[in-house]
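Participant: Let me give you the structure first, and then I'll get to my questions.
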Amino acid sequence: MVLKLAQVKGTWVYLIPVSGLRLTDAVKEEIVINRVTFISVRKLVRVRKRLGIPEPISHLRSRYSMVEFLNRPDQVVAVLRQTGRPHDIDSTVRRIVTEELFILAASQLGFKKRRYNSYPVIGGTTARRFAHLCINTNLSGGICSGRTAGKLHDLITDERWIAYNRNVFFKNLIETLEGRLKVEASWKQALRKVALLVGQSQSSSDVAHAFLLNMIAIEVLLVEEQDKQKDALPERVEAFIGWVGYWHTRAYEKRLREAYKKRCLYVHSGAFSEIQIKDLLFMDDILLNVLANILGHPAIFVSKRAVIEFSNKVSAEKILGLQRPGKSRVRPKTLLHISRQYSESDLAEI
C-alpha cells in the first residue's frame, strides 16, 4: 500500500521534525521562511486545517506509530505542501526544508557567540558525545576523557532574537527574499545564496569550512568575475565600514588581504591549518557589517551593480580628496558599525 501511494501524483503535505530550534510565544510558536512553515506540535493541533492537513493530529498519532514526534507538544515541525509523487519529490522536499533552516540559521550572525550557536536540522540533534583514551608509553596508566561535539544549543526565537533581527539585517533579508522589498531579480537570487552560505557557516563546527563559506558569501555580495579579488575585496568593504576608526587602528585592510590569501591557500593547496578561529571571527564581523548596511538601505542597494557603483564613488571621493574626516558626500549617514568583543574562551573553541 505504501509503495502504491508513493507513486500517486497529487498535492502532499509533509510534516518533518526539526531539531535545534525552539519556537516561543514571542513568535506565536510559528515562523514562515519562504514556503516552509516551522511550527510547534502544540499549535499544529489547533491550526492544522490552515496548513492543509485534512484530519486531526490525534488521528495521525494513532494511525502512524512511527511519527512519535507528534506526541511532543514542544517539538518543532516543518510543514511544506508539494505537488508530485512522493517517490519523486521526497528528496526535493528535504532539500527545501534544509535550505530554509540554513536561512533561519543565518539570523545567528552577530546575535550569539559562535560557541553558543545552534544547528537547526531535520531529524535528530547534531550533538554527539564520545570518549577517548590516552595512554602514557612510559608509565602504567592512562586518562579516559569524554566530551560532546557538535551544536548543543537550540536557536531560541525569543524577544531578544526578534529585537536583534528587526534592527540588524535578518528582517529585511526575509522581506527581500519574499518580494516585499523590491530589488533586481538577480540580486534577490544572490542574497538568497548569501543567506544559505551564512547559515551553513553559522551552523558549522569546522573552523576552516565556516571561514571559507564566509569568504564565498562576501565575494557574492561585493565581487564581480572580472575583478582582481585581492584588491577589490578590501576596497569594497572599506566603502561600507572604512569610515570607522577601527578600519585603521585594527588594520582591517591588511587583515582582509591576509584572509583572502588564506582562502586561496585553502582552496588551491588544501592548507586549512593556516586558518585560525580569530580569522573566522574577523570575517564574521566583516560579513555582519556589510550585510547590515546593504540590507539596511534596500532603496539604494537594489542590485549588485548599485553596490559596485557605490564603492567606486567612495573610492573616487577618497582619491580626489573630497572626503573630510568622518564625513562623506557619498556614504549615507545611516551606515552602522557593529563592534564585537571576544574573550579568550571565544578564541579557544567555537
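Per the working numbering, the sequence shown starts with residue -8, numbered consecutively.
Here a beta-carbon is modelled for each residue, glycine too, at the ideal position from N, C-alpha and C.
Quick one: is Thr148 buried, meaning 16 or more other Cβ sit within 10 Å of its Cβ, or exposed?
Facilitator: Within the sequence shown, the letter at position 157 stands for residue 148. The residue is buried, with at least 16 neighbouring Cβ atoms inside 10 Å.
Participant: Among the residues of its own chain, which have a CB less than 6 Å from the CB of Val27, if the five just before and after it don't count?
Facilitator: Counting from one through the sequence shown, the residue named residue 27 turns up at place 36. Ala69, Leu71, Val88, Glu91, listed in sequence order.
Participant: Reducing DSSP to helix, strand and coil, say where Trp238 ends up.
Facilitator: For the purposes of this step, residue 238 is identified with residue 247 of the sequence shown, where counting begins at 1. Of the three classes helix, strand and coil, the one that applies to Trp238 here is helix, per DSSP.
Participant: Would you grab the beta carbon distance between Ala181 and Val159 for me? Rounded to a whole angstrom, and I think it's under 8 Å.
Facilitator: Your numbering for residue 181 matches position 190 in the sequence shown. Your numbering for residue 159 matches position 168 in the sequence shown. That pair is no contact at about 19 Å.
Participant: Give the straight-line distance between the Cα atoms of Glu169 and Ala186, rounded to the nearest whole angstrom.
Facilitator: By one-based count along the sequence shown, residue 169 stands at place 178. By one-based count along the sequence shown, residue 186 stands at place 195. The alpha-carbon atoms of Glu169 and Ala186 are separated by roughly 13 Å.
Participant: Which of the three DSSP states, helix, strand or coil, is assigned to Leu22?
Facilitator: Position 31 of the sequence shown, counted from the first residue, corresponds to residue 22. The sequence given here has Ile at residue 22, not Leu. The answer is strand: DSSP assigns Ile22 an E or B state.
Participant: With DSSP run on the structure shown, which of helix, strand or coil describes Val4?
Facilitator: Translated into positions along the sequence shown, residue 4 becomes position 13. Val4 falls in the strand class under three-state DSSP.
Participant: Do Gly233 and Val321 count as a contact pair if the criterion is CB distance below 9 Å?
Facilitator: The residue you call residue 321 lines up with position 330 of the sequence shown. The residue you call residue 233 lines up with position 242 of the sequence shown. No, the Cβ-Cβ distance between Val321 and Gly233 is not below 9 Å.
Participant: At what residue ranges does the segment 120 to 182 contain a whole run of the alpha helix (DSSP H), taking only runs of 4 or more?
Facilitator: If we require 4 residues or more, the alpha helix (DSSP H) runs fully inside the segment 120 to 182 come out as 150 to 158, 161 to 168.
Participant: Okay, do the segment 73 to 82 and the segment 117 to 135 touch, 3+ Cβ pairs below 8 Å being the bar?
Facilitator: As far as the Cβ criterion goes, the segment 73 to 82 does not touch the segment 117 to 135, which means the pair count is below three.
Participant: Just to confirm, is the Cβ distance from Leu278 to Leu164 under 9 Å?
Facilitator: Position 287 of the sequence shown, counted from the first residue, corresponds to residue 278. Position 173 of the sequence shown, counted from the first residue, corresponds to residue 164. No, the pair does not count as a contact, with Cβ atoms beyond the cut-off.
Participant: Ordered along the chain, which non-local residues of its own chain (more than five positions away) have a Cβ less than 7 Å from that of Ile207?
Facilitator: Walking along the sequence shown from the start, residue 207 turns up at place 216. The residues are Leu188.
Participant: Need the endpoints of the beta strand (DSSP E) that Val68 sits in, please.
Facilitator: Mapped onto the sequence shown, residue 68 falls at position 77. Residues 67 to 75.
Participant: If you draw a straight line from the alpha carbon of Val298 to that of Asn62, how long is it in whole angstroms?
Facilitator: Mapped onto the sequence shown, residue 298 falls at position 307. Mapped onto the sequence shown, residue 62 falls at position 71. Computed Cα separation, rounded: 49 Å.
Participant: Expressed to the nearest angstrom, what Euclidean distance is found between the alpha-carbon atoms of Val214 and Glu244?
Facilitator: Position 223 of the sequence shown, counting from 1, holds the residue named residue 214. Position 253 of the sequence shown, counting from 1, holds the residue named residue 244. Each residue's alpha carbon lies about 16 Å from the other.
Participant: Tell whether a beta-carbon distance below 9 Å holds between Leu143 and Thr167.
Facilitator: What you label residue 143 is simply residue 152 of the sequence shown in a count that begins at 1. What you label residue 167 is simply residue 176 of the sequence shown in a count that begins at 1. It is not a contact, given that the beta carbons lie outside the stated cut-off.
Participant: If you draw a straight line from the C-alpha of Ser330 to the C-alpha of Leu(-4), how long is it?
Facilitator: Along the sequence shown, one-based indexing puts residue 330 at 339. Along the sequence shown, one-based indexing puts residue -4 at 5. C-alpha separation (whole angstroms): 55 Å.
Participant: Cα-Cα, which of Thr83, Ala230, Phe93, Glu216 is closest to Leu326?
Facilitator: Locating residue 326 in the sequence shown gives position 335, counting from the first residue. Among Thr83, Ala230, Phe93, Glu216, the Cα nearest to that of Leu326 belongs to Ala230.
Participant: Determine, using beta carbons only, whether Ser195 and Leu204 come nearer to each other than 9 Å.
Facilitator: Looking up residue 195 in the sequence shown gives position 204. Looking up residue 204 in the sequence shown gives position 213. Contact flag set, yes.
Participant: Measure from the alpha carbon of Asp81 to the alpha carbon of each residue in Leu42, Val4, Ile22, then state which is nearest.
Facilitator: Counted from its first residue, the sequence shown places residue 81 at position 90. Measuring from the Cα of Asp81, the nearest candidate turns out to be Val4.
Participant: For Thr28, which residues does DSSP report across the bridge?
Facilitator: Residue mapping note: residue 28 aligns to position 37 of the sequence shown, counting from 1. Answer by DSSP bridge pairing, in chain order: Val23, Val70.
Participant: Quick check: what's the CA-CA separation for Leu14 versus His328?
Facilitator: As a position in the sequence shown, residue 14 is number 23, starting the count at 1. As a position in the sequence shown, residue 328 is number 337, starting the count at 1. Between Leu14 and His328, the C-alpha separation is close to 29 Å.
Participant: How far does the beta strand (DSSP E) with Leu12 in it reach, from first residue to last?
Facilitator: Here residue 12 corresponds to residue number 21 of the sequence shown, with the count starting at 1. Note, Leu12: beta strand (DSSP E), 12 to 14.
Participant: Can you have a look at Arg254 and say buried or exposed, based on whether 16 or more other CB atoms are within 10 angstroms of its CB?
Facilitator: Counting from one through the sequence shown, the residue named residue 254 turns up at place 263. Counting Cβ neighbours within 10 Å, Arg254 comes out buried, since at least 16 surround it.
Participant: Kindly indicate which three-state DSSP category Ile94 falls into: helix, strand or coil?
Facilitator: Taking the sequence shown and counting its residues from 1, one reaches residue 94 at position 103. Here Ile94 sits in helix by DSSP.
Participant: Using DSSP bridges, identify the partner residues of Ile87.
Facilitator: Taking the sequence shown and counting its residues from 1, one reaches residue 87 at position 96. The partner list for Ile87 (beta bridge, DSSP) is empty, contrary to what the question assumes.
Participant: Apply the 10 Å Cβ neighbour rule to Ile310 and answer buried if 16 or more other Cβ atoms are within range, or exposed otherwise.
Facilitator: Counting from 1 along the sequence shown, the entry for residue 310 is found at position 319. Result: exposed.
Participant: Compare the C-alpha of Lys179 against each of Lys269, Arg157, Tyr257, Leu286 and name the closest.
Facilitator: Taking the first residue of the sequence shown as position 1, residue 179 is located at position 188. It is Leu286 whose Cα lies nearest to the Cα of Lys179.
Participant: Closest to Phe292 by CA distance: which of Asp222, Ser177, Gly261, Gly1 is it?
Facilitator: Indexing the sequence shown from 1 puts residue 292 at position 301. Comparing Cα-Cα distances from Phe292 to each of Asp222, Ser177, Gly261, Gly1, the minimum goes to Ser177.
Participant: Excluding five sequence neighbours on each side, which residues of the same chain lie with their C-beta closer than 7 Å to the C-beta of Val270?
Facilitator: In the sequence shown, residue 270 corresponds to position 279, counting from 1. A small fix is needed here, since residue 270 is Asp in this sequence, not Val. Taken in chain order, the residues that qualify are Phe202, Ala250, Lys253.
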